[in-house]
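**Q**
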Amino acid sequence: MQKTVRNSIAKNIVHLFYSTALSSALNAAALICLAYYLQSHHYGMFSVALASVMIMGYFTDAGLSEIVLREGSKREADVSIIMSSYIKVRAVLLTGTFLFGFILLHLLHSDDQELMRTAYYLSIPMVTGLALQSIGTTFFQLIEKMQYCGMIRMVSAVLLVLNILAGMLFSLNPFVVCFLYGFSYFLSGLIGLYLVRRNISLTLKGRFHRGLLEKLSSFAIGGLLFVILPHLGPLVLEKTLTFKEVGFFAVAYRIPQALQQIPFIVAGAYCPVLFRYYNNNQLEDHLQLNISLIKIMSLVGMAMTIPFYYMSETIITLLFGEGWIRASELLKILSILLTLQAFNIALADGLTTRAMQAHRTAVQCIAVVSGIILYFTLSARFGITGAAYAGIFIECITFLGFIMFIPNRWKIFKKAAGPYLLFFTVSLLCIDYFFYSLSFLAVSLHFLLLITLIIMDKEVSGKMKNYIRSSKYYQKWRVRRAKGAEDGL
0 MQKTVRNSIA KNIVHLFYST ALSSALNAAA LICLAYYLQS HHYGMFSVAL ASVMIMGYFT
60 DAGLSEIVLR EGSKREADVS IIMSSYIKVR AVLLTGTFLF GFILLHLLHS DDQELMRTAY
120 YLSIPMVTGL ALQSIGTTFF QLIEKMQYCG MIRMVSAVLL VLNILAGMLF SLNPFVVCFL
180 YGFSYFLSGL IGLYLVRRNI SLTLKGRFHR GLLEKLSSFA IGGLLFVILP HLGPLVLEKT
240 LTFKEVGFFA VAYRIPQALQ QIPFIVAGAY CPVLFRYYNN NQLEDHLQLN ISLIKIMSLV
300 GMAMTIPFYY MSETIITLLF GEGWIRASEL LKILSILLTL QAFNIALADG LTTRAMQAHR
360 TAVQCIAVVS GIILYFTLSA RFGITGAAYA GIFIECITFL GFIMFIPNRW KIFKKAAGPY
420 LLFFTVSLLC IDYFFYSLSF LAVSLHFLLL ITLIIMDKEV SGKMKNYIRS SKYYQKWRVR
480 RAKGAEDGL
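Take a look at the structure:
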C-alpha cells in the first residue's frame with residue numbers, strides 16, 4: 000500500500016459531513032420523486048422489498064467490516080493481506096446471500112407475484128452494489144481518509160437521482176424503476192472498488208488473514224440485528240396494515256432513516272481511533288473519547304430532530320404534497336428517533352471497540368424481539384400511529400440496555416448521556432407545550448437553547464474552538480489580519 004498520512008478526527012468529520020449532507024439531500028430528492036411516481040400502494044410494496052434487500056445486503060458483510068477495522072488498527076498489520084482476505088470472504092457471502100435470500104423470498108411471498116418481481120428487480124443489482132461499496136468505504140475508514148468514503152456516497156446518490164429521473168422521464172414501469180434504483184448502487188460500488196485498487200495492491204492468491212474469523216459470529220449476529228431494526232417496521236406492518244398504510248409509514252420513517260447517516264459520520268471518524276486506543280491499552284483515553292463521541296453525536300441528533308418535530312406538517316406538504324399529509328404526524332413522532340439513535344450508536348461503538356461485541360449483540364437481540372412484539376401489537380391496536388410509537392419504545396429499550404452493559408457506566412451517564420438526554424427531553428416537552436402552534440418560533444427557540452448547551456459545555460466548545468483555530472482558513476485570516484495591521488501602521 001502507498002504510504003498515506005492519516006487525517007485528524009475533526010478533518011474526517013468535516014469530509015464526511017459535507018459529503019453525507021449532500022448525499023442525504025440527493026437521497027431525499029430520490030425518495031420524493033419515487034413517492035410521487037409510484038404512489039402509496041406501489042411505494043408501500045417497494046418499501047417492503049427494500050427492507051428485505053437491505054437485510055440481504057448486510058449478509059454480504061456479516062460484521063466483517065468492523066473486524067477489518069479491528070485487525071487493521073493493530074501494530075504491524077498487513078493491510079493488503081487483510082483487504083484481500085476481506086474480499087474473498089465477501090464473495091462467498093454474496094453468493095450464499097443470493098442463494099438463501101431467494102429461497103426465503105419464495106417461502107414467504109410466493110402468493111404475491113408482484114412483490115416477488117419487485118424484490119428480484121431491486122435485489123440483484125443493489126445487493127451486489129452494497130457489497131462493493133462497503134469494501135471501498137471500509138478500506139478508506141481503516142486508513143482514516145474519509146474524503147473517499149464521502150466520494151463513494153455522493154456518486155451513489157447522484158446516480159440514484161439520475162436513474163430515477165430517467166425512469167420517470169421515459170415513463171418506465173415500476174419494476175424497471177426498481178432495477179434502476181438498485182443499479183445506482185452497483186455502479187457506485189464499482190467506482191469504490193476502483194479507488195481501492197488505486198491505493199493498495201490486492202491479490203486473491205495470497206495467504207488468508209485468519210484474524211478475520213475471530214469472534215466473527217458475535218459481530219455477524221450483532222450487525223444483523225442492527226440492520227434489521229430500521230427495517231423491522233415495514234416487514235412486520237405488512238402483516239397488520241394495508242400496503243397503502245405501510246407506504247405512509249415508510250415515507251415518514253425514511254426521512255429520519257436517511258438522516259441517520261449524519262450521526263454515523265461522527266461514529267465513522269471516531270471508531271478507528273477508539274479501536275486503536277483499546278488495542279494499545281489506552282483505556283482512559285478510550286473512555287474520554289467515547290464520552291466526547293456521545294456528546295457530539297447527541298448534539299447532531301438533536302439538531303436534526305428539532306425542525307422535523309415542530310414543522311413535520313409543513314415539510315411533508317412541501318415535499319410530497321397534500322396527498323401524503325397523513326404521514327406528518329408520523330414524522331413528528333419518528334423524528335425523535337434521530338436523537339435516540341445518535342445516543343445508541345455512540346454507546347454501541349463504545350462496547351464494540353472494547354471487545355464487548357457479545358454484550359452489544361445481547362442488547363440488540365432484546366430490541367429486535369421487543370420490536371416485533373411492539374410493532375405487531377401497537378399497529379394492530381392503534382394503526383400506523385401505534386407503529387410510530389413502537390419505533391420510539393424500541394430505541395428506549397436499546398438505550399437502557401447499552402447503559403447497563405457499558406464499562407464506567409456511571410461516569411458516562413453522569414458526564415454525557417444523562418445530562419444531554421435530560422436537556423433534550425425537558426426542552427422538547429416544554430417548547431412543544433407552550434409554542435405548539437408557532438412552529439417557526441419553536442424551532443428558533445430550541446436551536447438557541449442547543450447553542451447555549453454547546454457554549455456551557457467547555458469540552459465541546461473547546462474542541463470546536465481548537466478545530467477552527469487549526470483550520471487553514473483561520474490561519475489565512477490571521478495572516479491577512481496581521482498584514483492589514485502592519486499596513487495600517
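Just so you know, the sequence shown maps onto residues 0 to 488 in numbering that gives the first Met the number 0.
Even glycine gets a Cβ: it sits at the ideal position worked out from N, Cα and C.
Since the structure is predicted, the reported quantities are computational estimates derived from the model, not experimental observations.
1) Give the straight-line distance between the Cα atoms of residue 228 and residue 204, rounded to the nearest whole angstrom.
2) Can you list, in chain order, the residues of its chain whose CB lies under 8 Å from that of residue 27, leaving out five sequence neighbours each side?
3) Please state whether DSSP places residue 260 in a helix, a strand or coil.
4) If you draw a straight line from the C-alpha of residue 161 to the C-alpha of residue 407, how long is it?
5) With H, G and I counted as helix, E and B as strand and the rest as coil, what does DSSP make of residue 17?
6) Taking the C-alpha atoms as reference points, what is the distance between residue 134 and residue 77?
7) Just the Cα atoms here: how many angstroms apart are residue 448 and residue 424?
8) Grab the span of the alpha helix (DSSP H) containing residue 436 for me, first residue to last.
9) Apply the 10 Å Cβ neighbour rule to residue 0 and answer buried if 16 or more other Cβ atoms are within range, or exposed otherwise.
10) Rounded to whole angstroms, what is the Cα-Cα separation between residue 110 and residue 416?
11) Where residue 150 and residue 156 are concerned, what is the direct C-alpha to C-alpha distance, given to the nearest angstrom?
12) Considering only residues of the stretch 300 to 378, which uninterrupted beta strand (DSSP E) runs meet the minimum length of 3 residues and lie entirely inside it, listed in chain order?
13) Measuring straight from C-alpha to C-alpha, what distance separates residue 233 and residue 45?
14) Below 8 Å, is the gap between the Cβ of residue 457 and the nearest heavy atom of the ligand COA?
15) At what residue ranges does the stretch 120 to 194 contain a whole run of the alpha helix (DSSP H), taking only runs of 4 or more?
16) Which whole-angstrom value is the C-beta distance of residue 121 and residue 177, which I expect to be below 8 Å?
17) Would you tell me roughly how many angstroms separate the C-alpha atoms of residue 18 and residue 322, rounded to the nearest one?
18) Using CA atoms only, rank isn't needed, just tell me which of 378, 433, 85 and 400 is closest to residue 235.
19) With a threshold of 6 Å on Cβ separation, who are the neighbours of residue 124 within its own chain once the five nearest residues in sequence on each side are excluded?
20) Assuming the contact rule is C-beta atoms closer than 8 Å, residue 25 and residue 159 should be a hit. Round their C-beta distance to whole Å, please.
21) With a CB to CB cut of under 7 Å and the five nearest residues on each side skipped, what residues in its chain are close to residue 80?
22) According to DSSP, simplified to helix, strand and coil, what is residue 97?
23) Are the stretch 290 to 305 and the stretch 328 to 343 touching by the rule of at least three beta carbon pairs closer than 8 Å?
24) With the cut-off set at 9 Å, would you say residue 101 and residue 85 are in Cβ contact?
25) Rounding to the nearest angstrom, what Cα-Cα distance links residue 303 and residue 338 in this structure?
26) What residue range does the alpha helix (DSSP H) around residue 68 cover?
27) With a threshold of 16 other CB atoms inside 10 Å of the CB of residue 170, please say whether the residue is buried or exposed.
28) If you follow the alpha helix (DSSP H) that residue 410 is part of, which residue opens it and which one closes it?
29) When the Cα atoms are used, what is the spatial distance from residue 13 to residue 278?
30) Grouping DSSP H, G and I as helix and E and B as strand, with all else coil, what is residue 294?
31) Do the stretch 390 to 407 and the stretch 262 to 273 make contact, defined as three or more Cβ pairs closer than 8 Å?
32) Which of the three DSSP states is assigned to residue 230 in this structure?
33) By the three-class DSSP mapping on this structure, what secondary structure does residue 424 have?
34) Evaluate residue 324 with the Cβ neighbour count: other Cβ atoms within 10 Å of its Cβ, from every protein chain shown; 16 or more gives buried, anything less gives exposed.
35) Going by C-alpha to C-alpha distance, which of 91, 115 and 353 sits closest to residue 404?
36) Give the single residue among 148, 246 and 262 whose Cα lies nearest to the Cα of residue 336.
**A** Reading it off the structure:
1) 37 Å
2) 254, 257 and 318
3) helix
4) 48 Å
5) helix
6) 16 Å
7) 13 Å
8) Premise fails: residue 436 is in no alpha helix (DSSP H) and is neither H nor E.
9) The predicted model places residue 0 with a pLDDT of 43, which falls under 50 and marks its position as unreliable; any figure quoted below should be read in that light. Flag for residue 0 reads exposed.
10) 47 Å
11) 10 Å
12) none
13) 10 Å
14) The ligand COA is not part of the structure shown, which contains no ligands of any sort.
15) 145 to 168
16) 4 Å
17) 32 Å
18) 378
19) 181, 182 and 185
20) 7 Å
21) 205, 206 and 208
22) helix
23) yes
24) no
25) 8 Å
26) 63 to 71
27) exposed
28) 408 to 411
29) 26 Å
30) helix
31) no
32) helix
33) helix
34) exposed
35) 353
36) 262
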